[in-house]
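Chains as they are written, first to last, in the UniProt record's numbering: chain X, 1 to 376; chain H, 1 to 376; chain D, 1 to 376; chain L, 1 to 376.
As structure tokens, the structure follows; a few thoughts come after it.
4 protein chains.
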Amino acid sequence: MILILAPDTDRESPQYHEMLDHLSRLPGVTARVHQVQGREQTLTEVYLLGNTAALEESEMAALPCVERVVRVSADYRILGRHKDDDRAAHFAYNGVDFSQDNLHVFAGLCAVDTPEHVDQTMRAVAEAGLSCTRMGAYKPRTNPYAFQGHGKRCLPWVFESAGRHGIKVIAMEVTHDGHLEEIHDALEAAGRPTGVMLQIGTRNTQNFELLKHVGRQTDFPVLLKRGFGITLEESLNAAEYLASEGNSRVIFCLRGMKTHLGDPHRNFVDFTHIPVVKRLTRMPVCIDPSHSVGSRAASPDGIMDMMHATAQGVVAGANMILLDVHPAPQKALVDGPQALRLEELPWFLEDVRLAREAYERRRDLAQRFLAEQNRQ
Amino acid sequence: MILILAPDTDRESPQYHEMLDHLSRLPGVTARVHQVQGREQTLTEVYLLGNTAALEESEMAALPCVERVVRVSADYRILGRHKDDDRAAHFAYNGVDFSQDNLHVFAGLCAVDTPEHVDQTMRAVAEAGLSCTRMGAYKPRTNPYAFQGHGKRCLPWVFESAGRHGIKVIAMEVTHDGHLEEIHDALEAAGRPTGVMLQIGTRNTQNFELLKHVGRQTDFPVLLKRGFGITLEESLNAAEYLASEGNSRVIFCLRGMKTHLGDPHRNFVDFTHIPVVKRLTRMPVCIDPSHSVGSRAASPDGIMDMMHATAQGVVAGANMILLDVHPAPQKALVDGPQALRLEELPWFLEDVRLAREAYERRRDLAQRFLAEQNRQ
Amino acid sequence: MILILAPDTDRESPQYHEMLDHLSRLPGVTARVHQVQGREQTLTEVYLLGNTAALEESEMAALPCVERVVRVSADYRILGRHKDDDRAAHFAYNGVDFSQDNLHVFAGLCAVDTPEHVDQTMRAVAEAGLSCTRMGAYKPRTNPYAFQGHGKRCLPWVFESAGRHGIKVIAMEVTHDGHLEEIHDALEAAGRPTGVMLQIGTRNTQNFELLKHVGRQTDFPVLLKRGFGITLEESLNAAEYLASEGNSRVIFCLRGMKTHLGDPHRNFVDFTHIPVVKRLTRMPVCIDPSHSVGSRAASPDGIMDMMHATAQGVVAGANMILLDVHPAPQKALVDGPQALRLEELPWFLEDVRLAREAYERRRDLAQRFLAEQNRQ
Amino acid sequence: MILILAPDTDRESPQYHEMLDHLSRLPGVTARVHQVQGREQTLTEVYLLGNTAALEESEMAALPCVERVVRVSADYRILGRHKDDDRAAHFAYNGVDFSQDNLHVFAGLCAVDTPEHVDQTMRAVAEAGLSCTRMGAYKPRTNPYAFQGHGKRCLPWVFESAGRHGIKVIAMEVTHDGHLEEIHDALEAAGRPTGVMLQIGTRNTQNFELLKHVGRQTDFPVLLKRGFGITLEESLNAAEYLASEGNSRVIFCLRGMKTHLGDPHRNFVDFTHIPVVKRLTRMPVCIDPSHSVGSRAASPDGIMDMMHATAQGVVAGANMILLDVHPAPQKALVDGPQALRLEELPWFLEDVRLAREAYERRRDLAQRFLAEQNRQ
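Right, here's the structure in full:
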């Protein structure tokens, strides 16, 4: 059960404490307070866990500060959509608004290699009108003897370059608790020139301890990649881990599944799940066409499969795109062959714009058709 | 090796026979003649199988009637795309042109039930401006005790209704050699009021004997569904079975793969393979959103997943759509829950039109970008 | 619902006809008569399909000739095991008894190549004390240009050689209705020197028309291979197709599943399903280690993976083994690399004997333990 | 390249330091020293990473203390088997010897619940003659709101009970770096009454940071479970992470794969990979029949599928078995339905003994056959 408090409820007020006191006396029920930073106001929600079946909605609604009560079904209590549940499906971070209704492109380096490449990439991204990027400092690799990323020592160059080019958010994978502190410290040391979205990779989707650690901080929003060998439900439960610890600023990323049936693509592209994630949860949905497709092969119409996959995601309402670009793909230390060249970025973005426009028209068409149907 | 003859080569001419005589004397080489009915002319191609490595291209090109020689790589000899291979990627049937460049919607009944439902459906399809439909007379069912379709006894009503409403092509699944004769006879008996595209279902993708039988006739074009548990390469090889027996008017249909990773959809939608099939072969590519997705569930934007999947196929260049519609889905004998209602068809078609328009713009954009790149 | 008639019921007797008459008057119920050739007697069973929920068991049990009534659950009506169902789990063919309790090895050629190889193989098989073999005349191949087997022209040599060496049953794949007639005719022409078990391959597991054709004859028992990309339940339903048409002399063969998770083996070996098939149905269970594993690789203990897989099947109660052997594997036209050499056959059989002995001891142990537990 | 030093080389000796000095001067080469505690002696191995292609084997063999040189292929440098590589495939821990040649049963609680259940289980295990058990204190759960184990607070009872009953090794899952310290401290506090084998679960197989942390300590050996959605090669690479950090006392555990093709079992049992792991690496191989099969269902011979799966693993040479038992399965907090009751343990062990005996006979048979073959 979720108690949604009146907007801008003062957490120092006596009414607020009275409500918490009451909740603390309910037998078998635990209350967890979550704060959601919206575009214009701060929302406070109180999640009641445990024996909530015994609670009366009307009684809870009568408590001080409580504006509305949502009884949740078993799955995805916090991030899920429930009956009569109009909680927000968006959040803001460092001036950028993430939502199930809009679209952001995060183009950047899969793996940070040299300061020059970082800076060239940031410049190209900014010139293309984007305010977000991706930069891989910590790289989990299947083979223990492969290059594992420059780690914390590259963070200063990366953050400074981002600040120089006005980049607001960098998606960056973390694979260990300690990486959060390293990122936090490097950001502070650089004077907070940019923001970071913590990325959890597909091999760590069910690394529940890492999820809990990342979920316990609310400085950084989180981009959680779907596990490549588990069901969608299991991956959505993993996202709920983040929220259950307190951080519900989570974006869910589809990145293709591992199976022999998706060949010749590197993974079996799963972007048809975009509407499913939106229906089951309130998370914005990201797609990762670079790792899903994994090559630059093109069809006879001249369009790379990777761009077709992107358009497929966007035309169905994707809210974010992770894209590998590189100033010199042949010199990239990781996944060079799938990267777009910097000079191809404008083409890619124009292609995305066409697909997004089609999505918006489709959405308007549906509204018109459904409204007409309801009138009948 | 393929010898492409001059257009409209007369197969009764002495030059033609001289060429065939020459080929018949080549040691270890077998020649098979294929005729391809194009939009404006008839093309004749001679496929040389066996020890063709020993043949000189220039020598073959010098034979009478031969206009061009294509040396094929190992895979998909007839249907594949090979180096310097500009053979056609289209064919005509009963006045309808099928190609890797255009788009047709085949809306109709998954399983024929009553004459009334057939006629209501045909009327709605025709009124929506379509000239093609799908009608299932022979239904392969997992459980031997389930309804298996009305079989040949429904063919007369189906063909008459099609004729009445001006439907030109009906996609119809066949599961046994004998069904071809039944369809042929029923069409003749009804005075050929319409045409039939023979459909091979996913359970028969590797029923090589059926493929050979269907490949040996050239009256009807063929819609081959991808096998739901085999690699794309294996399914493309199955298509080549049809062509190797003489029928290269083949459309390849993506219909989702069986795996637990696609839940909650009925199958794991594989429409990202559209550009792959177009790159590897010259077959037009069909998508089957109804069976792939298998439900009418919708996302918060009001659009059914099935329509999102369709748009994803179309925005990446799909050439044909198989769609289940039904006048009364709750009464359908097979797969009712996934069928669109007839009154939703116009919405669906308008949604498809928006996605197709986006595809065409994307294609033009790519041409412009690539042309500019080449100029540099 | 199944009516099990008294043993050796005379199908010409007035009582028998009285019973059938009665059944024919039941509304919405269809009766199908099946005869089961047991070791010592012939059993007749009448399957009632349709609206059987309305029937009273006691009323049916009171009909003439009826000895016992079994109400079946939905799945696998004929081949399944149902509550209080002690119908036989065995059948005899050409003097060989197949059962869920015993074990037969069918060693032979995956693909028939030359008369000499056939005869050498038959001799080795007979000398090893076996009375069954496998011989592939019709080979379904993924690529249409690959060798597809010698077909009917090799049947005379194969059957004559079998007769010469006293082989009683040959497992032989069929892929088309016509093959049954060819096999029947060749056997007759040769004077019935041996018997044939018709084998349905994994690509035809859901070729329902072929299953129905094979199910409508009762001359030959059937070996049905599990489909390599479908669930066990779907494959068992395919077996039921055979039985629903009248032939319940069916053996179910596990042969590994297609997925990337079984590498480096050719297929993901599924022999752990042996007890499951025995629990759900009354079919004897065969294993195909040659195609499952697909190589001769060995572990440091010197034992080939293929033999380990065989032992794993046998120790869990497998009833039949299909094994590829070849007099000269390097010359085999199909699947040579996985074949055992003829001189390795005695080792293989001794290895199987050790595993079978372990199974029998395990079975006895279970009986003792469970008996003791029941006494307590 | 691996330099195997003379047994019991003194790491304080001048020769040893001379050798290390020499290695440190090789350009582009890094040396890592590993110590392997064998049954009777301590072996020291020096792994050379980097540009080792340039090194001469003879020159390396001439260095002081070096007894033998093994040039390794790319994969699994430390744990793998390489050409002419006779490094040990066994290790000792707390008086128990683990090897590719023997077999240990670890029966115990999937999840620790009460001190009484722990003690009852330890007693039954000890009475059955076993010296190892499994006890789950930290339980990773798919759903964040499910019971996650008692964690460190149960360690004192568990270790004390183990000591009381003479249990030598407890397999215990860890999911976070911090758990190692908790286990270490609790063992010390209890006076080291038993030993612990750290278990990495299937959701953490590619949690490389955890693997590195666990690999950096050598107090505890490690049981690494195969990842349920990745290839065998990827899981073996994960094992190599442990070794590359210094801990090569690793046992590899097969536990079934996640796919819809293994139904009705909880996972698709993969025990046919036992000989593959033994061929590719020197790790002993464990099987986990409880989680693979996931139920107590039995076949008509009265034997549970779980016991059949176990016998299949053992007959092919498995070296360790993880088994869930519980004094009162219906009260278990996690995975009760699949647990064996304590009074069934003797049956299980006798069943295992029969399968192991069969394996040993099969191994001897192979040695005889291969020896004879070599003589010819």
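The beta-carbon is built from N, C-alpha and C at its ideal position, and this holds for glycine as well.
Since we're looking at a predicted model, the values are computed, not measured.
Check	Outcome
Take GLN120/L and list the residues in its own chain whose beta-carbon comes closer than 8 Å to its own, dropping the five residues that flank it on each side.	PRO327, LEU342
Going by DSSP in three states, ALA186/H sits in which element: helix, strand or coil?	helix
Thinking just about the alpha-carbon of each residue, which of SER235/X, HIS260/X, PHE268/X, VAL315/X is nearest to the one in CYS253/X?	SER235/X
What number of angstroms, rounded off, separates the C-alpha of GLU357/X from the C-alpha of GLY317/X?	10 Å
Report back the beta-carbon spacing between GLN100/H and ARG282/H to the nearest angstrom; my notes put them in contact at under 8 Å.	7 Å
Using a Cβ-Cβ distance cut-off of 8 Å, determine whether VAL315/D contacts chain L.	yes
Are at least three pairs of beta-carbons, each pair with one atom in the stretch 210-220 of chain H and one in the stretch 235-248 of chain H, less than 8 Å apart?	yes
Rounded to whole angstroms, how far is the Cβ of VAL36/L from the Cβ of SER248/L, which I believe are closer than 8 Å?	6 Å
Measuring alpha carbon to alpha carbon, tell me which residue in LEU354/D, THR272/D, PHE268/D, THR259/D is nearest HIS265/L.	THR272/D
Rank GLU209/X, THR259/X, PRO7/X by C-alpha distance to the C-alpha of ALA238/X and give the top, closest one.	GLU209/X
With DSSP run on the structure shown, which of helix, strand or coil describes ARG216/D?	helix
State the start and end residues of the unbroken alpha helix (DSSP H) segment that holds MET122/L.	115-127
Taking 8 Å as the threshold, find out whether the stretch 361-375 of chain D comes into contact with the stretch 161-178 of chain D through three or more Cβ pairs.	no
So what does DSSP say about GLY268/D, is it helix, strand or coil?	According to the sequence displayed, residue 268/D carries Phe and not Gly. PHE268/D: strand per DSSP, three-state reduction.
What residue range does the beta strand (DSSP E) around MET320/H cover?	320-326
Considering only C-alpha positions, which residue in the set GLY163/D, GLY136/D, ASN51/D, PHE106/D is nearest to TYR145/H?	ASN51/D
Taking beta-carbon pairs under 8 Å, can you tell me which members of the stretch 148-165 of chain L lie near chain H?	none
Since ASP97/X sits in a beta bridge, which residues does DSSP pair it with?	ALA92/X
Taking ASP177/D as the reference, give the member of THR194/D, PHE159/D, ILE200/D with the closest Cα.	ILE200/D
Measuring CB atoms only, is the stretch 133-141 of chain H touching the stretch 108-120 of chain H, in the sense that at least three cross pairs come out at less than 8 Å?	yes
Compare the C-beta of GLY28/L against all C-beta atoms of chain X and say whether one is closer than 8 Å.	no
Compile a chain-ordered list of the residues in the stretch 59-78 of chain X whose CB is closer than 8 Å to at least one CB of chain L.	ARG77
Please decide whether HIS104/H counts as near chain L, where near means a Cβ-Cβ distance under 8 Å.	no
DSSP puts PHE228/H in a beta bridge; with which residues?	Beta-bridge pairing links PHE228/H to no other residue.
So what's ALA239/D in DSSP terms, helix, strand or just coil?	helix
Look at the alpha carbon of MET257/L and the alpha carbon of LEU23/D, and state the distance between them as a whole number of angstroms.	49 Å
Along the chain, where does the beta strand (DSSP E) that runs through TYR47/X open and close?	42-50
Could you check what DSSP says for THR202/L in three-state terms: helix, strand or coil?	helix
State the beta-bridge partners of THR30/X as determined by DSSP.	LEU49/X
Kindly indicate which three-state DSSP category HIS273/X falls into: helix, strand or coil?	helix
Between HIS202/H and ARG11/D, what straight-line distance do the alpha-carbon atoms span, to the nearest angstrom?	One point to set straight first is that residue 202/H is Thr, not His, in the sequence displayed. One C-alpha to the other measures close to 42 Å.
Would you grab the beta carbon distance between VAL293/L and VAL269/L for me? Rounded to a whole angstrom, and I think it's under 8 Å.	7 Å
Name, please, each residue of chain H whose Cβ falls closer than 8 Å to the Cβ of LEU370/X.	GLY302
What residues from chain H crowd round LYS278/X, counting only those whose CB sits closer than 8 Å?	SER299, PRO300, ASP301
Give a yes or no on contact between the stretch 301-318 of chain X and the stretch 79-87 of chain X, applying the rule of three or more CB pairs nearer than 8 Å.	no
For the stretch 259-277 of chain L, list every residue whose C-beta sits within 8 Å of some C-beta in chain H, in sequence order.	THR259, HIS260
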